[in-house]
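Below is one structure, written out as structure tokens, with a few remarks after it.
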Amino acid sequence: MMLRFTRHFVAASLAVLASGVFAPVLAAQAIDMGQFEGLKWRLIGPFRGGRSTAVSGVVGRPSEFYMGTTGGGLWKTIDAGVNWECVSDGYFRTGSVGAVAASRSNPDIVYAGMGEACIRGNISHGDGVYRSADGGKTWSHVGLKETQTIGRIVVHPTNPDIVYVAALGHIYGASKERGVYKTTDGGKTWRQVLYVSERAGAVDLSLDVHNPETLYAATWEAWRTAYSLNSGGPGSKLFKTTDGGRNWTDLSQARGMPGGPLGRIGVSVSPADSNVVYAIVEALEGGVFRSDDAGTTWTLTNSDRNYRQRAWYYTHIAADPKNKDTVYVLNVGMGRSTDGGKTFRGVGTPHSDNHDLWIDPDDPNRLANANDGGANVSQDGGRTWTRQDYATAQLYHVSADNAFPYRVLAAQQDNSTVRIPSRTAGAGITSSDWTSTAGGESGYVVAKPDDPEIVFGGSYGGYLQRLNHRLNSSRNINFWPDNPMGHGAADLAHRIQWTFPIVFSPHDPNVLYSCSQFVMKSTNEGQTWQKISPDLTKNDKSKMGPTGGPITKDNTSVEYYGTVFTLAESPKKPGVLWAGSDDGWVSVTLDGGKAWQRVTPAGMPEWGLCSMIDASAHAEGTAYLAVDNHENDDLAPYIYRTHDFGKSWTKIVSGLPEDSYVRVVREDPKMRGLLYAGTETGVWVSFNDGALWQPLQFNLPVVPVHDLVIKDDDLIAATHGRSIWILDDLSLLRQANPSGGLATRLFKPRDNYRVSGGGGFGRRPQAREEEPEPTGENPPMGFVVTYSIQEPAESVQIEVSDAQGVIVGRREGAPSAKGLHKVPIRLQYSSYRSIPGMIFWAAGSRPIPAPPGTYTIRLVVDGAAQTVDGRFVLPPNSEATEEDAVLQCDLARRISARVDDANQAVLKVRDVRKKVADASEDAGKSGKDPKAIASAQEGASRLGAQLTEIEEAIYQVRNRSGQDPLNYPIRLNNKIAALLGVVLSGDFRPTDAAYEVFNALSGELQTHLDRLESLLTKDLNALNTQLQALGIERVAPDTSGGGVAP
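In case it helps, my numbering puts the sequence shown at residues 6 to 1051.
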């Protein structure tokens, strides 16, 4: 843990209401959500790894490795760590991987154990063991669901069906599903071959590859409550079996082992010499121990606290496969000893807090390391490592500012906070688009509502920072700046949680709230703070002592108890504040804090954590409460609803899984009774005020969802293991058909912004780096038309027209597959027609963006048409008004039309001139009166010359290459066309000069057009009379708009 202030998928269904007006719940009726088949979440980043505690390479396949993340599933690389791909999506039912092992004898067989054993306060439970027989392509669940936490898996070196699992068991309660389990049939059946107690489970295993019936097992007496951590006790032991687990010998009392109590133990038998065994032991006199007689006796070789600090979180050791005197220990840093464990030198890793190390038994220079930043691979013994640029970040809370495009703010576990744009003008969202912001790894991060460049962020220890991005200035505004590190909560004037609330009033951007056991208020950006509540917790001092032990204390504020954990002010009425404590109380004030009432729901878990309160935007007495009780060994979901300021509450959890607790609930701000919930495995929705919940998962991975926020009709999810995702356009859910499933249907669009960029996703090539940079996904660019198809169609056409019926967007051959489709269409008017071979300077033909306004969308599916209206609007950060944009489009269209007039005139000149020349030649061959012929030919020549004069006044005919205009001055059509770029340079009203120049050039052009019209009527008619007298066909101008090149 470090404080830093800088920088397939699950099938799902939804439930919705018939209209945008909430109707009272009549029945908990599920709705066929197939109507949203095809809707998807998009990942925006950050592409910055989160914690991993498990890695495995594949013997004989030097480019293959697996990484187990603590929330984000199991990942695999086939290019030695350059690129990673999640291989568990669609198969695993939980997201936290505690152990992974690939078979040495059959590298296609891989086992993954769920639930991490580095038992920090934000761990996620697992559901047993998964097995793959095809290198991670597909997986089967093979049991041990109730173990919840698995620290190590070892596979027999020659028989991949023999597997041992170190199960630590329930972290927040006693359980019998602990100890060492063994299967001899690939997971079909399991035997518990080592059991110590309901409080002690197995955490580490090491198998002697030369004598695979010999196994060392470390058990650990460890547990957590909401307010305490225990690491150590009589159940912490080191065992050995030489008969495959039938009998065990307790090595904890062997000569040389430290006296008790013992805590966490890591063990590794040397593959180079079966007699050499290393152990790292948490004890008062602990450290690194070595045995040279296969565990009979031990010697303390190193007690450096750098490698045994915070032992419950680390205590990992790995013996080199080729050299019995080389051994690694993992802690905040990683150390390597080459003298049998006596001395260690640091081995640099890309991220601190190291938890696992895999060493290739055939090549000790080939390493894979797991740490709080993910996994990384080394091919040179740890001198260099691969990057950790994958989206497994663990976020606590999420918010969005009022910039445009809005930016998403969140705090990443063991990293900095981040501020990421929800969309960019580029192909995707890269690390260059986002930055760190206020606060540290664990806190809320919120921007000032009226100034998104000023951000407030928190972290553990009560740290509260104000950061002005505009000025790059910051200050610490802790409301009680008494550093609590190492102290228990009972010692403190303010008990401030690891992740404490930071909330702005929805009514006054200068009112900022934060919480300890009290609600604090500032009206001057933290310069002064006012306490506006009494202690709103149970204030049980028996639950506020120093935590950790019995060997090593660990007071970081994760276990600080008796705090206000969630706070919300009613968007409907100022001064209505809801507060929920981590020890099970709910309070409300109706007068801004002058008086508080306790309104805890009846039947709510007594010590349940009030994880999130959401005050309704539709009714001042309505609020929704998410209660997390997993720290009392209860995985059940709890959500409550009140419509009367907390006088009565209704539990609303129907449809939610029984073993996926809820961290957050939110009400849709535009549709009353439309609710969203984030659970330990995903996102759910209710469209009947909580009477029934249905999955809103789509392509979102199975992952803990710690927070949700709704911004501009988008739902943003902060996951704890897969970074940040956005579900665009909640207006679709508000339009759902409650009585049917998928239908052929055109949805009314939300307001579409007239912006550029978007649509990219994947990896963006880098100019100076060998490897491409991963990028987040932008929303589609343009005017997005959303429709669904009930059955595959023969043809689908989309047209968008303006108020005058002019088509400004068309898509022939639009997606016609069954399901929901989002099709972006550029709304634009066509530009002028070009002359064949035309050379223009700084004036290429370009479509003209349609102005803001209301447009009609027409969807035609196999001949059947539907229409809806949709609005195209300027973005809030545009400097233009709607009138400006309309004037801009109008002038641009007039310019384009005038260029078209000019170009068509040139084409007409060329057409008539050629026809006149041809007619003159035909006259000479007619054999008629020579004088009549001569007169006709003279008239033809004179008319041709006059036409050429007009052509050359309108277009520079000498320009034949791109830079010829530097030699031959441009003419009228080019000059007018160049104005198009001037007028369309941004969203602005055209300048007066643009109008003036356009009018002047247009007038000049009109002179030539009038002269041309005269020539093509009077002069050409006279010539045609002469030609007809000679028997020559009349010359008629082409009216098709075609022409020939000069």
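Quick reminder that beta carbons are idealized off the backbone N, C-alpha and C, glycines included.
These numbers come from a predicted model, not from an experiment.
* Using three-state DSSP, classify G814 as helix, strand or coil. => Here residue 814 corresponds to residue number 809 of the sequence shown, with the count starting at 1. Secondary structure of G814 (DSSP, three-state): strand.
From G43 to L701, what does the alpha carbon distance come to, in whole angstroms? As a working note, residue 43 is residue 38 in the sequence shown. As a working note, residue 701 is residue 696 in the sequence shown. Going from the Cα of G43 to the Cα of L701 covers about 12 Å.
Please return the same chain residues whose Cβ sits closer than 8 Å to the Cβ of S665, not counting the five positions on each side in sequence. Stepping through the sequence shown from its first residue, residue 665 is reached at position 660. The residues are L640, P642, T684, E685, T686 and G687.
Using 8 Å as the threshold, is the stretch 894-914 in touch with the stretch 815-829, meaning 3 or more CB pairs across them? With the cut-off at 8 Å, the stretch 894-914 and the stretch 815-829 do not touch.
Look up W317 in the DSSP assignment and say whether it is helix, strand or coil. Locating residue 317 in the sequence shown gives position 312, where the first residue counts as 1. The DSSP-derived three-state label of W317 is helix.
Item to complete: Go ahead and label Q968 buried or exposed: buried means 16 or more other beta carbons lie within 10 angstroms of its beta carbon, across all protein chains shown.
Response: Locating residue 968 in the sequence shown gives position 963, where the first residue counts as 1. Looking at its Cβ environment, which holds fewer than 16 other Cβ atoms inside 10 Å, Q968 is exposed.
task: Spell out the partners DSSP gives N376 in its beta bridges.
output: Numbered from its first residue, the sequence shown carries residue 376 at position 371. Its beta-bridge partners are N359 and G379.
### Query
Exposed or buried, what is D190 when buried is set at 16 or more other beta-carbons lying within 10 Å of its beta-carbon?
For the purposes of this step, residue 190 is taken as the residue at position 185 of the sequence shown. Per the 10 Å Cβ criterion, exposed.
With H, G and I counted as helix, E and B as strand and the rest as coil, what does DSSP make of E574? Mapped onto the sequence shown, residue 574 falls at position 569. If DSSP states are grouped into helix, strand and coil, E574 belongs with the strands.
For S1054, which residues in the same chain have their Cβ closer than 7 Å to its Cβ, ignoring the five residues on either side in sequence? Missing from the structure shown is residue 1054; the chain here goes from 6 to 1051 and no further.
**Asked** Should S653 be labelled buried (16 or more other beta-carbon atoms within 10 Å of its own) or exposed?
**Response** On the sequence shown, position 648 is the one that residue 653 refers to. Exposed is the call here.
Original post:
Grouping DSSP H, G and I as helix and E and B as strand, with all else coil, what is S427?
Top reply: Here residue 427 refers to the residue found at position 422 of the sequence shown. Correct three-state label for S427: coil.
Between the stretch 46-62 and the stretch 392-408, do three or more beta carbon pairs fall short of 8 Å?
-> yes
In this structure, how does DSSP classify S925 when only helix, strand and coil are distinguished? In the sequence shown, counting from the first residue as 1, residue 925 sits at position 920. Of the three classes helix, strand and coil, the one that applies to S925 here is helix, per DSSP.
Next on the checklist: Check for me: the beta strand (DSSP E) holding D997 runs from which residue to which?
Outcome noted: Here the question's residue 997 lines up with position 992 in the sequence shown. Unbroken run through D997 is the alpha helix (DSSP H), D997 to S1019; no beta strand (DSSP E).
- Can you pull the DSSP bridge partners for E782? Here residue 782 is taken as the residue at index 777 of the sequence shown, counted from 1. DSSP lists no partner for E782.
| request: Select from G156, I618 and G580 the residue whose C-alpha is nearest the C-alpha of I270. | output: On the sequence shown, residue 270 is found 265 positions in, with the first residue counted as 1. Closest by alpha carbon: G156.
Practice prompt. Would you give the residue range spanned by the beta strand (DSSP E) that I938 belongs to?
Written response: Taking the sequence shown and counting its residues from 1, the one referred to as residue 938 is at position 933. First-last for I938: P935 to I959, but that is the alpha helix (DSSP H), not the beta strand (DSSP E).
With Q1033 as the anchor, note down where its alpha helix (DSSP H) starts and where it stops.
-> Along the sequence shown, read from residue 1 onward, the residue named residue 1033 stands at position 1028. Per DSSP, Q1033 belongs to the alpha helix (DSSP H) from L1025 to A1034.
- Message: Could you compute how far the alpha carbon of E1038 sits from the alpha carbon of S925?
- Response: Translated into positions along the sequence shown, residue 1038 becomes position 1033. Translated into positions along the sequence shown, residue 925 becomes position 920. Their Cα atoms are separated by approximately 11 Å.
With respect to the beta strand (DSSP E) encompassing S108, which residues constitute its N-terminal and C-terminal limits? Within the sequence shown, residue 108 is the residue found at index 103, counting from 1. Taken as a continuous stretch (DSSP letters only), S108 belongs to no beta strand (DSSP E), as it is neither H nor E.
- Quick one: residues in its chain with C-beta nearer than 7 Å to the C-beta of D455, no 5 flanking neighbours on either side, listed in chain order? On the sequence shown, position 450 is the one that residue 455 refers to. The answer, listed in chain order, is P514.
Bridge partners for T724 per DSSP, in chain order? The residue given as residue 724 occupies position 719 in the sequence shown. In DSSP, T724 forms a bridge with V710.
Checklist entry - Given a threshold of 16 other Cβ atoms within 10 Å of its Cβ, counted over all protein chains shown, does P29 qualify as buried or as exposed? => result In the sequence shown, residue 29 corresponds to position 24, counting from 1. In this prediction, P29 scores a pLDDT of 36, lower than 50, which makes its location untrustworthy; the coordinate-derived value is nonetheless stated afterwards. Burial call: exposed.
Fill in: Euclidean distance between Cα positions of I1075 and G292
A query on residue 1075 cannot be resolved here, the shown segment of the chain reaching from 6 to 1051 and no further.
Query - A772 (DSSP reduced to helix, strand or coil) - result: As a working note, residue 772 is residue 767 in the sequence shown. The predicted position of A772 is uncertain, since its pLDDT is 38 and thus under 50; no value can be drawn from it.
Query raised in the report: alpha helix (DSSP H) containing L234: first to last residue?
Result: For this step, residue 234 is matched to residue 229 along the sequence shown. Note, L234: premise wrong, no alpha helix (DSSP H); beta strand (DSSP E) at L234 to S236.
query = Within 10 angstroms of its Cβ, does Q314 collect 16 or more other Cβ (buried), or is it exposed?
reply = Indexing the sequence shown from 1 puts residue 314 at position 309. With fewer than 16 Cβ atoms within 10 Å of its Cβ, Q314 is classed as exposed.
Query raised in the report: Which same chain residues, not among the five before or five after D365, have their C-beta less than 6 Å away from its C-beta?
Result: Numbered from 1 along the sequence shown, position 360 holds the residue referred to as residue 365. Excluding residues within five positions, the ones whose Cβ falls inside 6 Å are G62 and R371.
Need the endpoints of the beta strand (DSSP E) that I794 sits in, please.
Taking the sequence shown and counting its residues from 1, one reaches residue 794 at position 789. Where I794 is concerned, the enclosing beta strand (DSSP E) stretches over F788 to I794.
Please report how far the alpha carbon of G126 lies from the alpha carbon of G78, in whole angstroms. Within the sequence shown, the letter at position 121 stands for residue 126. Within the sequence shown, the letter at position 73 stands for residue 78. Their Cα atoms are separated by approximately 19 Å.
task = Report the residue from E636, V707 and A380 whose alpha carbon sits nearest the alpha carbon of V60.
result = On the sequence shown, position 55 is the one that residue 60 refers to. Nearest of E636, V707 and A380 to V60, Cα basis: A380.
Helix, strand or coil, according to DSSP, for Q34 in the structure here?
Counted from its first residue, the sequence shown places residue 34 at position 29. Of the three classes helix, strand and coil, the one that applies to Q34 here is coil, per DSSP.
(message) If you measure between the beta carbons of R424 and T442, is that distance less than 8 Å?
(response) Taking the sequence shown and counting its residues from 1, one reaches residue 424 at position 419. Taking the sequence shown and counting its residues from 1, one reaches residue 442 at position 437. Yes.
query: Cα separation between E226 and V105?
result: Taking the sequence shown and counting its residues from 1, one reaches residue 226 at position 221. Taking the sequence shown and counting its residues from 1, one reaches residue 105 at position 100. Cα to Cα, E226 sits roughly 23 Å from V105.
**Report entry** Element boundaries [alpha helix (DSSP H), containing G986]
**Finding:** Translated into positions along the sequence shown, residue 986 becomes position 981. Taken as a continuous stretch (DSSP letters only), the alpha helix (DSSP H) holding G986 covers L977 to V988.
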